[in-house]
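Numbering (the numbering used here), first residue to last: 54 to 504.
From the three backbone atoms N, C-alpha and C, an ideal C-beta is built for every residue, glycine too.
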């Protein structure tokens, strides 16, 4: 199939017979806890689309949940990984140093917008691992036991990151959880209490954060405040810059580290290589940043970056892991960064956002079920409601839209505390023709589901 392929369903039903058979095998072999609600099974992927085992072509606006910013099977990534595989698959960084790990750390230290002139980077295998290591590093540096996270946050599925994650559907029956994790309200401006202006709402959420030092964790016991520049699972809610500035000031006042979780927002999605670049431009850069997902085009890899004195406060042997910074993953990541910078994919994210956001906004008037359209760059969310005045969430409508779109060759995914947000994570290599085709399918699905 071609990278610019358009969606096309050739089977009488979706899933087709071969996909249905594979999905049936999956149900027998794979735990139900690893949920899958989509009627397709991939055979081959290129760019922003893939062909399933029945020959149907799907346009993918989920992108592996933010992993495929550079698209499926980018030929230069494939060649980089093949070249590394010809040399060696694995060496553990604690035993035998490989050049790719060091080169990628150097590159991350160059481009990651955390505070400090001299930085260091460690690698892990997933976003959850990166977030957990960031907390460990913050505790080692500050010698403090507690952290503050936010409502709507998603940080992973390890025991600590389940405690950090807000939505408890991700941790049912998994407790007890580590203590020392305290939650403040995130500035969800669309659903802030009362009829507040944006400045009033920001002040409200800042005050609520400061109250944590009285009601939950004293400042002198707080190692870090952890926030996503744009909440992912929480509903694609951007952190207002005025609020970020206030959080930065609070952290500086009390000696608390500010951690930016860029697992989903990073690598071009926001219109910058990292969304924290917007923070840095506003004078409120984080101290530690985590990244993963699109870092290596689909090969498991994650990173934690911070200034040297923070990283070097960690006792030797307390961070790292067997597969962390795997040579194949590092080779892919170095090529990802090169391509993203060379081909201006962050700028492409802004072009995509301009085209799509205008269309999404128009649906507010046409269908009356779109309550809010928001995001940063090409990380956008459409919040669906039963009534625009009451803002009552409409999760069942979102479920219907997703199912209808899939039948016509477009994959989209839900998000949000109430499951009523459709998220946009399309690969940044999508063509304009593919975007238009996807918008037509999605609008038709909205129209069908509303009627």
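Q | Minimum length 3: unbroken beta strand (DSSP E) runs contained in the segment 93 to 165 | A | For the segment 93 to 165, the full-length beta strand (DSSP E) segments reaching 3 residues or more read 95 to 99, 102 to 105 and 110 to 113 along the chain.
Q) In angstroms, rounded to a whole number, what distance separates the CA positions of residue 496 and residue 353? A) Straight-line Cα distance between these residues: approximately 34 angstroms.
Q | Same chain, Cβ closer than 6 angstroms to residue 193, neighbours up to 5 away in sequence not counted | A | Sequence-distant Cβ neighbours of residue 193 in its own chain, meaning closer than 6 angstroms and more than five residues away, are 366 and 367.
Q.
Please tell me whether residue 168 and residue 314 are closer than 7 angstroms, where the distance is taken between their beta carbons.
A. For residue 168 and residue 314, no; Cβs fall outside 7 angstroms.
Q. For residue 180 versus residue 205, is the C-beta spacing smaller than 7 angstroms?
A. Going by C-beta atoms, residue 180 is not nearer than 7 angstroms to residue 205.
Q. If we ignore side chains and look at the alpha-carbon of each, how far apart do residue 35 and residue 472 end up?
A. What the structure shows of the chain is the stretch from 54 to 504, and residue 35 is not part of that stretch, so it cannot be assessed.
Q: Could you check if residue 131 is buried or exposed, using at least 16 other CB atoms within 10 Å of its CB as the buried criterion?
A: Per the 10 Å Cβ criterion, exposed.
Q. According to DSSP, which residues form a beta bridge with residue 344?
A. Residue 344 is bridged to 315 and 356.
Q) Is it a yes or a no for the segment 171 to 180 touching the segment 408 to 425, going by three-plus beta-carbon pairs under 8 angstroms? A) Flag = no, the segment 171 to 180 and the segment 408 to 425 do not touch.
Q. Do residue 406 and residue 382 have their C-beta atoms within less than 7 angstroms of each other?
A. No, the pair does not count as a contact, with Cβ atoms beyond the cut-off.
Q | Contact belief for residue 199 with residue 275 at Cβ below 8 angstroms, rounded distance in angstroms | A | Contact flag correct, Cβ pair sits at about 5 angstroms.
(Q) Alpha carbons only, please: which of 463, 433, 355 and 133 is nearest the one belonging to residue 474? (A) Distances from the alpha-carbon of residue 474 to those of 463, 433, 355 and 133 put 433 closest.
Q) Residue range of the beta strand (DSSP E) that residue 389 falls in? A) Element bounds for residue 389: not the beta strand (DSSP E) but the alpha helix (DSSP H), 380 to 395.
Q.
Just list the residues that DSSP pairs residue 283 with in beta bridges.
A. 291, per the DSSP bridge assignment.
Q: Using the DSSP secondary-structure output, state which residues sit across from residue 427 in a beta bridge.
A: DSSP lists 434 as partners of residue 427.
Q) Taking just the CA atoms, how far does residue 437 sit from residue 248? A) Rounded to the nearest angstrom, the gap between the Cα atoms of residue 248 and residue 437 is 20 angstroms.
Q.
Going by C-alpha to C-alpha distance, which of 502, 453 and 470 sits closest to residue 91?
A. Ranking the options by Cα distance to residue 91, first place goes to 453.
Q | Simplified DSSP state of residue 277, which is helix, strand or coil | A | Three-state result, residue 277: strand.
Q. Would you say the segment 216 to 230 touches the segment 327 to 340, given that touching needs at least three Cβ pairs under 8 angstroms?
A. The segment 216 to 230, when compared against the segment 327 to 340, does not touch it at the 8 angstroms Cβ threshold.
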